[in-house]
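Number of protein chains: 2
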Amino acid sequence: MNEKPELDKRKAFILATVVYEYINTAEPVGSVTLTQKYNLGVSSATIRNEMAELEAGGYLVQPHTSAGRIPSDAGYRTYVDRLMQPETLGKDDARRIRDEFREASRELGEVIEQTTRLLSGLSGNLAIAIAPSRDTHGFKHVQLIWLSPRTCMAIVVTSAGVAAQRVVEWMSEVAADDLTRLSNALNTQLSGRVMEDIALADLDAICAGLGVSTEIRDVVRLVFAQARQTEEPEIAAAGAQNLLDQPEFHDLRKLRAILRIVEEQRTLYDLIADELAVETKRDAAPHVRIGHELRADDLAECSVVTVPYRFGDRGVGMLAILGPRRMPYGRLIAIAGGTARRLGDHLADVEIR
Amino acid sequence: MNEKPELDKRKAFILATVVYEYINTAEPVGSVTLTQKYNLGVSSATIRNEMAELEAGGYLVQPHTSAGRIPSDAGYRTYVDRLMQPETLGKDDARRIRDEFREASRELGEVIEQTTRLLSGLSGNLAIAIAPSRDTHGFKHVQLIWLSPRTCMAIVVTSAGVAAQRVVEWMSEVAADDLTRLSNALNTQLSGRVMEDIALADLDAICAGLGVSTEIRDVVRLVFAQARQTEEPEIAAAGAQNLLDQPEFHDLRKLRAILRIVEEQRTLYDLIADELAVETKRDAAPHVRIGHELRADDLAECSVVTVPYRFGDRGVGMLAILGPRRMPYGRLIAIAGGTARRLGDHLADVEIR
DNA sequence: GCCTGGCACTCGCCGGCGAGGACTGCTAGC
DNA sequence: GCTAGCAGTCCTCGCCGGCGAGTGCCAGGC
Chain C
0 MNEKPELDKR
10 KAFILATVVY
20 EYINTAEPVG
30 SVTLTQKYNL
40 GVSSATIRNE
50 MAELEAGGYL
60 VQPHTSAGRI
70 PSDAGYRTYV
80 DRLMQPETLG
90 KDDARRIRDE
100 FREASRELGE
110 VIEQTTRLLS
120 GLSGNLAIAI
130 APSRDTHGFK
140 HVQLIWLSPR
150 TCMAIVVTSA
160 GVAAQRVVEW
170 MSEVAADDLT
180 RLSNALNTQL
190 SGRVMEDIAL
200 ADLDAICAGL
210 GVSTEIRDVV
220 RLVFAQARQT
230 EEPEIAAAGA
240 QNLLDQPEFH
250 DLRKLRAILR
260 IVEEQRTLYD
270 LIADELAVET
280 KRDAAPHVRI
290 GHELRADDLA
300 ECSVVTVPYR
310 FGDRGVGMLA
320 ILGPRRMPYG
330 RLIAIAGGTA
340 RRLGDHLADV
350 EIR
Chain X
0 MNEKPELDKR
10 KAFILATVVY
20 EYINTAEPVG
30 SVTLTQKYNL
40 GVSSATIRNE
50 MAELEAGGYL
60 VQPHTSAGRI
70 PSDAGYRTYV
80 DRLMQPETLG
90 KDDARRIRDE
100 FREASRELGE
110 VIEQTTRLLS
120 GLSGNLAIAI
130 APSRDTHGFK
140 HVQLIWLSPR
150 TCMAIVVTSA
160 GVAAQRVVEW
170 MSEVAADDLT
180 RLSNALNTQL
190 SGRVMEDIAL
200 ADLDAICAGL
210 GVSTEIRDVV
220 RLVFAQARQT
230 EEPEIAAAGA
240 QNLLDQPEFH
250 DLRKLRAILR
260 IVEEQRTLYD
270 LIADELAVET
280 KRDAAPHVRI
290 GHELRADDLA
300 ECSVVTVPYR
310 FGDRGVGMLA
320 ILGPRRMPYG
330 RLIAIAGGTA
340 RRLGDHLADV
350 EIR
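Those protein sequences? They're chains C and X, same order as listed. Sequence positions in the first sequence follow numbering that gives the first Met the number 0 and run 0 to 352. Sequence positions in the second sequence follow numbering that gives the first Met the number 0 and run 0 to 352.
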């Protein structure tokens, strides 16, 4: 990264004002507009000189000669990091978040979806949520329910609720008591474990200890494997239609590129999961990535606000807001942070202990 | 509806050809195009006369003088009902549907989502699916699992899998055996029932018969209520970005109107659930609604293909494809029908018996 | 030395205009 | 009943010039 230490007070103020104005109007900002709408104490000619220098410094760009300036990635970055004043969550927003979670579902997948809808409504942008990996959920209970001598229902419950259920059939007859004993043994020995710490070998050992048949052992293996189901990360997105209101997406090609990314859950996941690796710390603050920082050509004119939220002891999920670079960063950071906090609280409430 | 019995063979052919051509090109069809591309045996002047009459009859409209004709709602309707030849599912499509369901999930909600993705991919339009009401699922099993003297986990399993689970706490102490006995009694007496036929009074009666406390009775009530959860119909949609490729949606206003409808699950549900009431018969064929037949101003330029699918003894869900009126009806009807059939088969496979 | 008013210049936007072209409807003739 | 031909309509597209927003630069002033 290029160092940009200079930026006297006036330049900083001008840059901040240009960004602010552009975020609000979506129009390139000219020197006259600036002097008219904001009290700068100097003439437009001076501003012009300053803006020319800001452009030379890489903070502003001109869409074309004889147009005003718009911020570059570096301009937005400086604004976000050093110039804008942090906002706190507005009263109305806070109330809406609180109300929403008050009636939220108790089921993790549904909560995630509801949260994206809430976040897209509040932010007026596209909202995305990733559920914490099922591997990090705490093991709570397993029950093999005897249905008939040759069938049972196997259920695994984790801290997030029922993670797997399966009706299974086998060849040899099994007594109800045997299943109960196996269930009890599993529950006792696995109690307090996290799903990712439960190896197949552990299950096998417990089964072997009770001398159960390989058929039943396979049932146990199967249902635990299903419960962990680590391949497809749970992810939800909502509010794509909000992007239609943004002038930058009136170009259909850009819009399509974004929608394609949203449709492909894999890409969407990769986009945000970067952050998961970085943000292992739990209550990390919202993080902003701007334009090319997203490392995706189709998103060169977008920004993303991400914020982790916690679930249980080890689980970390991620919320994100995707929108044009010209987004109200202060407000969105406040919204994302507030929502993540409430989401964490809600999940703690519905978590199975 | 106005009766339109006349339509001699030649008019019918011309109408069919205009619709066909317009569906393929998205351009108003002129008389010369028609004579050049299709072997009609008469000159363009004759076609012009015929087309003028078709317009007078309400089958065609002109976007403006000096443009070709495009079909009206009535024109499409006649085409779909009487002129087009039914198509059968193509080999590739059939294979793709088969392959998709081979690896499909066993969980109803996930299956529904996967089906919309499949259907939107195949059709190149927006796909929607409604899950059968949870009321129609068959009751399979309830288990009150003793966790501690004052807590238990209650689980209700229906033919679609685990429908509700809840960890509950209460004041007085309860023995594990009592819960087992209650579970057994509920299972015996409710066996074979459909969820909607299980009244609270039935549950109360069983609880009273065993003399369980009102606290435990309330647990049973709660978990059954949660299992039926009749308010929010499960619905999924996918493929909105396909609509961007259609020239009729390059107008942002129209696009936004559609996306708004998709986002509001309620509206979307109403749009398609009309059909659910009508199509109580199970293996009903796909049904087409065109333009104003949808009774929604925003959808005046859209058509919808709906087809019911079955789940279990009483359950009926619905698949739908939403796109511009200018959609390849024959192909979409075949795809929708084929997908609904496979979906029904798949659900029968994963259904809990 | 920094600021400012003034000025020439650039360039996108927009409305008007006219040529071109795709159709149609009509009419007269076969 | 069909057809060729023709006049007429109306959309599309490219061109052009005026307008206006905004810039960069310069000379003069505090």
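Where is the CB? At the ideal position from N, CA and C, for every residue including glycine.
Check	Outcome
CB contact flag (Y328 of chain X, Y75 of chain X, <9 Å)	yes
Amino acids of chain C, ordered along the chain, whose beta-carbon sits closer than 7 Å to that of I401 of chain X	Summary: the structure shown does not reach residue 401 of chain X, with chain X confined to residues 0 through 352, and so no result is reported for it.
Listed by chain order, chain X residues near G89 of chain C by CB distance under 7 Å	The contacting residues do not exist; G89 of chain C stays about 24 Å from chain X at best.
Residues that R313 of chain X contacts on chain C, provided the C-beta gap is smaller than 8 Å	Near R313 of chain X there are no residues of chain C at all, since even the closest Cβ is about 20 Å away, more than 8 Å.
Inter-residue spacing [alpha-carbon to alpha-carbon] between R133 of chain X and G67 of chain C	58 Å
Neighbour list for R255 of chain X in chain C, Cβ cutoff strictly below 7 Å	Q240, L243
Length of the line joining the Cα atoms of L117 of chain X and I96 of chain X	7 Å
Against chain X: residues of the stretch 247-272 of chain C by CB proximity under 7 Å	H249, L251, L254, R255, L258, R259, E262
When X:R252, X:D244, X:A236 are compared against T266 of chain X, the one with the closest alpha-carbon	X:A236
C-alpha gap between K10 of chain C and T34 of chain C, whole angstroms	14 Å
Straight-line Cα distance separating P246 of chain C from A128 of chain X	32 Å
Contact set between I127 of chain X and chain C, taken where Cβ atoms lie within less than 8 Å	Within 8 Å Cβ-Cβ: nothing; I127 of chain X doesn't reach chain C, min ~15 Å.
Stretch pair the stretch 135-154 of chain C + the stretch 312-322 of chain C: three plus CB contacts closer than 8 Å	yes
V17 of chain C at chain X interface by Cβ criterion, 9 Å	no
Delimiting residues of the beta strand (DSSP E) encompassing G316 of chain X	314-323
Extent of the continuous beta strand (DSSP E) run through G361 of chain C	It is not possible to answer for residue 361 of chain C, since the shown part of chain C is limited to 0 through 352.
Cβ separation of L354 of chain C and A130 of chain C, assumed to be a contact under 8 Å, to the nearest whole Å	The structure shown does not extend to residue 354 of chain C, since chain C is modelled only from 0 through 352, so no value can be given for it.
Chain X contact for L221 of chain C (CB, 9 Å cutoff)	no
Top-ranked residue by Cα proximity to T374 of chain X, from X:E231, X:L178, X:M50	For chain X, the structure presents residues 0 to 352; residue 374 of chain X sits outside this window and is missing.
Cutoff 9 Å: M152 of chain C Cβ touching any chain X Cβ	yes
Proximal residues to A162 of chain X (C-beta, below 6 Å), its chain only, five neighbours per side dropped	V155, A226
Contact under 9 Å by Cβ, R325 of chain X with Y21 of chain X	yes
Selected residue, minimal CA-CA separation from E49 of chain X, among X:D203, X:F12, X:E233	X:F12
Three CB pairs or more closer than 8 Å across the stretch 168-177 of chain C and the stretch 210-223 of chain C	yes
Euclidean distance between Cα positions of R352 of chain C and L125 of chain C	33 Å
The stretch 129-160 of chain C: positions lying closer than 7 Å to chain X by Cβ	H140, Q142, I144, M152, I154, V156, G160
Alpha-carbon spacing of G40 of chain X relative to R330 of chain X, whole angstroms	28 Å
Beta-carbon separation (whole angstroms), A295 of chain C vs L270 of chain C, contact threshold 8 Å	7 Å
Delimiting residues of the beta strand (DSSP E) encompassing Y308 of chain X	301-310
Short Cβ contact (9 Å threshold) for A319 of chain X with E350 of chain X	no
Span of the alpha helix (DSSP H), counted from its first residue to its last, around K334 of chain X	Looking at the sequence itself, residue 334 of chain X is Ile, so the reference to Lys does not match. Start and end: 328-349.
Below-9 Å beta-carbon distance, R97 of chain C vs any chain X residue	no
Cα-Cα separation between Y268 of chain X and E233 of chain X, rounded to whole angstroms	9 Å
Selection from C:L121, C:P323, C:R165, C:A198 that minimises the alpha carbon distance to D297 of chain C	C:P323
Nearest-angstrom Cβ-Cβ length linking L242 of chain C and I260 of chain C, presumed shorter than 8 Å	Contact doesn't hold; Cβ gap of about 11 Å is too wide.
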